[in-house]
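Heads up: the sequence shown begins at 0 in numbering that gives the first Met the number 0, then just goes up one per residue. For every residue, glycine included, the Cβ atom is placed at its ideal position computed from N, Cα and C. The model shown is predicted, which means the values in this text are computed figures rather than measured ones. Note sheet for the following structure.
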Amino acid sequence: MNNEAFVEKLKTCLERLNLTFNDKQLSLFLAYYKMVIDKNQYMNLTSIVDEDEFIEKHFEDSLSIILAKINGKPLAPALFSEKSIIDVGTGAGFPGIPLKLAFPSIHLTLTDSLNKRILFLQDVVNTLELKHVTCVHARAEELGHNVNYREKYDFVVSRAVAYLSVLAEYDLPFVKQGGYFLPYKGESIQDELNRSKSAINTLGGEITDLTSFILPGTDYKRNIVTIHKINHSPKKYPRKAGTPASNPL
0 MNNEAFVEKL KTCLERLNLT FNDKQLSLFL AYYKMVIDKN QYMNLTSIVD
50 EDEFIEKHFE DSLSIILAKI NGKPLAPALF SEKSIIDVGT GAGFPGIPLK
100 LAFPSIHLTL TDSLNKRILF LQDVVNTLEL KHVTCVHARA EELGHNVNYR
150 EKYDFVVSRA VAYLSVLAEY DLPFVKQGGY FLPYKGESIQ DELNRSKSAI
200 NTLGGEITDL TSFILPGTDY KRNIVTIHKI NHSPKKYPRK AGTPASNPL
């Protein structure tokens with residue numbers, strides 16, 4: 000691997016998002032990439048191992064959340080300052096770890112149902128000496144009822160592939176009233192949005208914006224939904240493990 004080429008490619012992607020990082024941040028992105036690729040030899044973390052594709056589909060895509068609209072305007076990076084963010088079903092750490100590297104002042108919680116992924120992420124946090132990051136092994140259906148996590152976060156993010164109504168039941172209970180759930184979605188979204196509105200409303204949310212774009216410099220079509228938490232989530236949600244996916248709201 001050519002470290003200089005990696006950094007230059009990363010800089011190019013960042014410029015497309017109007018972001019600039021200092022040398023320490025760039026070195027942390029490189030170190031994180033190496034840790035994922037090394038661990039991926041023994042554990043299934045990602046199918047994307049090509050350097051350029053990894054930067055675009057994991058790093059740039061994770062950071063593209065700044066294109067999301069809140070009150071009709073793109074999410075300014077300054078809005079993340081000192082905010083609490085939980086990444087539900089984080090997998091190998093996307094988008095949570097890139098967001099932490101980009102915006103170091105955030106207080107980040109990473110959750111996943113697979114303990115070996117959480118152990119890997121804790122190793123990443125320790126190795127990169129990241130502060131104010133908590134790694135939690137738990138299913139969202141259970142953690143969503145824990146008073147230490149329920150309705151405690153300014154932002155909830157997820158790149159999971161579940162249907163939006165299912166994601167909403169997993170994730171909206173973590174959002175504090177007045178906060179936002181920002182799910183990353185793929186190309187086709189309008190029908191999914193229409194079918195999920197009732198579930199989102201039931202869980203205390205309201206769809207306020209949809210940001211559709213082609214990831215800058217690529218041909219990847221992306222959508223980020225802005226869901227504002229306007230009411231408390233009813234206590235019975237999320238339902239027990241497996242129910243949200245097998246019987247969506």
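Beta-carbon proximity of residue i to residue j, cut-off 8 Å
i	j	result
isoleucine 206	isoleucine 188	no
isoleucine 117	histidine 136	yes
arginine 269	aspartate 60	Past the boundaries of the shown model lies residue 269; the chain is included only from 0 to 248, so the question cannot be answered.
phenylalanine 154	isoleucine 65	no
valine 123	tyrosine 41	no
glutamate 140	lysine 239	yes
glycine 95	aspartate 111	no
proline 247	valine 165	yes
leucine 62	leucine 18	yes
tyrosine 148	lysine 228	no
cysteine 134	leucine 100	no
threonine 242	alanine 67	no
proline 172	glutamate 150	yes
glycine 203	serine 245	no
Backbone secondary structure at residue i - three-state DSSP
i	result
leucine 251	It is not possible to answer for residue 251, since the shown part of the chain is limited to 0 through 248.
lysine 184	strand
lysine 239	coil
histidine 231	coil
glycine 178	strand
aspartate 60	helix
arginine 15	helix
asparagine 70	coil
asparagine 145	coil
serine 245	helix
lysine 220	strand
isoleucine 84	strand
valine 156	strand
isoleucine 65	helix
Backbone CA spacing between residue i and residue j [nearest angstrom]
i	j	result
asparagine 230	valine 224	18 Å
glutamine 176	lysine 8	39 Å
isoleucine 105	histidine 131	7 Å
glutamate 168	leucine 78	25 Å
valine 146	phenylalanine 20	36 Å
tyrosine 162	glycine 185	11 Å
leucine 192	proline 76	26 Å
arginine 15	isoleucine 47	21 Å
leucine 107	leucine 127	14 Å
glutamate 50	asparagine 43	17 Å
asparagine 2	leucine 29	8 Å
aspartate 170	threonine 201	13 Å
serine 26	isoleucine 36	15 Å
alanine 91	lysine 56	13 Å
glycine 216	threonine 11	9 Å
aspartate 22	leucine 113	33 Å
phenylalanine 58	valine 160	17 Å
Opening and closing residue of the beta strand (DSSP E) in which residue i lies
i	result
glutamate 140	Per DSSP, glutamate 140 belongs to no beta strand (DSSP E); it is in the alpha helix (DSSP H), 139 to 142.
phenylalanine 53	Phenylalanine 53 -> not in any beta strand (DSSP E); alpha helix (DSSP H) instead, spanning 50 to 53.
aspartate 204	For the sequence presented, residue 204 should be read as glycine rather than aspartate. Segment 204 to 213, the beta strand (DSSP E) holding glycine 204.
isoleucine 96	No beta strand (DSSP E) holds isoleucine 96; the alpha helix (DSSP H) holding it covers 95 to 101.
threonine 133	132 to 136
Test: residue i CB closer than 8 Å to a CB of chain C
i	result
threonine 210	Checking the listed chains, one finds no chain C in this structure; it contains a single protein chain.
Assumed close pair residue i, residue j - CB separation to whole angstroms, cut-off 8 Å
i	j	result
arginine 158	phenylalanine 93	6 Å
Endpoints, the alpha helix (DSSP H) within which residue i is located
i	result
leucine 29	22 to 39
phenylalanine 119	114 to 126
serine 164	163 to 170
aspartate 190	189 to 201
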